[in-house]
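Remember, our numbering sits 57 above the position in the sequence shown when you count from 1.
Heads up, the beta-carbon is just placed ideally off N, CA and C, and yes, glycines get one too.
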Amino acid sequence: MVRGKIEMKRIENATSRQVTFSKRRNGLLKKAFELSVLCDAQVSVIIFSQKGRLYEFSSSEYVSVFFYIYLICISLKPHFFLYLYALFLKDGNIIYFLWC
């Protein structure tokens, strides 16, 4: 059975749009998990719904913290603050730098 092509445009019906969002969100998060396991990759996905609800997946706690710091930086940008963040492993090695 061949799947038909879907025209890329906004779904007008609110119920259909929510169902599609939910299914595709779950599929995307599943693919991110599979990529992290199969390829031993560090993967993070952040999804905001139409109502602003946050959905996220992170393959490691360090990547998750990195994204939350990034979100904080985005919210502070209008104030022109300059921040340097570094995440450290337990042995003291620096794993990420983030300027914002």
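Please name the residue, chosen from the options, that lies closest to residue i on a Cα-to-Cα basis.
i           : options               : result
residue 128 : 104, 116, 117 and 108 : 104
residue 100 : 72, 85 and 106        : 85
residue 77  : 122, 124, 125 and 107 : 107
Enumerate in chain order the residues of its own chain whose CB-to-CB distance from residue i is below 8 Å, with the five nearest sequence positions on each side excluded.
i           : result
residue 75  : none
residue 111 : 103, 104 and 105
Specify, as a first and last residue, the run of the beta strand (DSSP E) that residue i falls within.
i           : result
residue 113 : 111-115
Provide the residue span of the alpha helix (DSSP H) that contains residue i, from first to last.
i           : result
residue 106 : Counting along the chain, residue 106 falls outside any alpha helix (DSSP H), and DSSP gives it neither H nor E.
residue 74  : 71-96
Keeping to the same chain, check which residues put their C-beta closer than 7 Å to that of residue i; ignore five residues upstream and five downstream.
i          : result
residue 89 : 100, 102 and 114
residue 82 : 104 and 112
To which residues of the same chain is residue i closer than 6 Å at the C-beta, ignoring the five residues directly before and after it?
i          : result
residue 62 : none
Is it buried or exposed for residue i, if we count other Cβ within 10 angstroms and need 16 for buried?
i           : result
residue 73  : exposed
residue 117 : exposed
residue 93  : buried
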